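Using the numbering used here, you'd call the opening residue of the sequence shown number 26 and step up by one each time. Encoded as structure tokens, the structure appears first; notes follow it.
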Amino acid sequence: MPPTNPTYRCNTCQIRVPLPQWERHLFDPVHARKVRLATYGQALEEGSRDKFGVTIVPAELDFGIIDLSTLSTWPTRENVFYIRLEEGEARLADIQLSSSLGSLAAFRDANFHVRFSAAITLVRGATYAVKVTVDPRGNRGFYEDRVEFSFEVPSNGTRFSITRAVKATVTVEAHRRQLAP
Numbered sequence: 026m027p028p029t030n031p032t033y034r035c036n037t038c039q040i041r042v043p044l045p046q047w048e049r050h051l052f053d054p055v056h057a058r059k060v061r062l063a064t065y066g067q068a069l070e071e072g073s074r075d076k077f078g079v080t081i082v083p084a085e086l087d088f089g090i091i092d093l094s095t096l097s098t099w100p101t102r103e104n105v106f107y108i109r110l111e112e113g114e115a116r117l118a119d120i121q122l123s124s125s126l127g128s129l130a131a132f133r134d135a136n137f138h139v140r141f142s143a144a145i146t147l148v149r150g151a152t153y154a155v156k157v158t159v160d161p162r163g164n165r166g167f168y169e170d171r172v173e174f175s176f177e178v179p180s181n182g183t184r185f186s187i188t189r190a191v192k193a194t195v196t197v198e199a200h201r202r203q204l205a206p
């Protein structure tokens, strides 16, 4: 029986790589892309976790399927996140949509809207409602964004954020029936 070449298992790519090719594999563009994607996914997961006694429900705000024909009489939809301080202390410092962040924000269509007027110190046990509005502007498509809630612990100045996904699908009834399972 011929000797087998030793291999390393790349957990990111889910493959076995022969030992002599391991270094080259680590610099392969496909491997590098998978590492970046995994890192991004971990960051999103970490950002969506409740922290420091603050909970936000639901974990994702799904406006569901909106029929395009209803937009002429009902152009926007609203839904709500609920924030609650279970323990400790926290101050809600800001609320932003991810699409409004960054240098190209002025060029993006903002289909989701959140109003936030001033920072507020959360009272333990109280529930706060944050309204999110989707305005597809009469266009069909799949819309998604992330709401970033920024907090601060007043006693020590620790800043943290919790993110939640928002999404909506606007289509016509005939297309929805065709795509149904």
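The C-beta atom is built at its ideal place from N, Cα and C for all residues, glycine as well. No experiment lies behind these values; they were computed from the predicted model shown.
To which residues of the same chain is residue i closer than 6 Å at the C-beta, ignoring the five residues directly before and after it?
i    : result
T188 : G72, S73, R171, E173
V197 : L93
R149 : L110
Q121 : E173
A84  : none
R102 : F88, V159
F167 : T194
L17  : Lying outside 26 to 206, the shown extent of the chain, residue 17 is not represented and no answer is given.
Which residues in the same chain have their Cβ closer than 7 Å to the Cβ of residue i, if we skip the five residues on either side of it in sequence?
i    : result
N104 : L86, F88, V157
E111 : G78, T80
For residue i, which residues does DSSP report across the bridge?
i    : result
P43  : T32
L122 : V172
L51  : Answer by DSSP bridge pairing: none, since L51 is not bridged.
V139 : V157
Assuming residue i is part of the beta strand (DSSP E), what are its boundary residues?
i    : result
E173 : 166-177
A190 : 184-196
L86  : 85-92
N104 : 102-110
K156 : 152-159
T98  : That residue, T98, is in no beta strand (DSSP E); it is neither H nor E in DSSP.
Please list, in chain order, all residues of the same chain as residue i whose beta carbon is under 8 Å from its beta carbon, the five residues on each side excluded.
i    : result
S128 : Residue confidence is low: S128 scores 48 on pLDDT, short of 50, so the model does not pin down where it sits. Its coordinate-derived value is still stated next. Excluding residues within five positions, none has a Cβ falling inside 8 Å.
R35  : The sequence given here places Cys at residue 35; Arg does not occur at that position. So the list reads R41, V42, H50, H56, once near-sequence residues are dropped.
F77  : G113, A115, F176, V178, T183, F185
N164 : V195
Q39  : none
A130 : Its pLDDT being 48, under 50, A130 is placed unreliably in this model, and the coordinates cannot settle the point.
My understanding is that residue i touches residue j, with C-beta atoms under 8 Å, so please give their C-beta distance in whole angstroms.
i    : j    : result
F137 : V191 : 5 Å
Y107 : A154 : 6 Å
V159 : A193 : 5 Å
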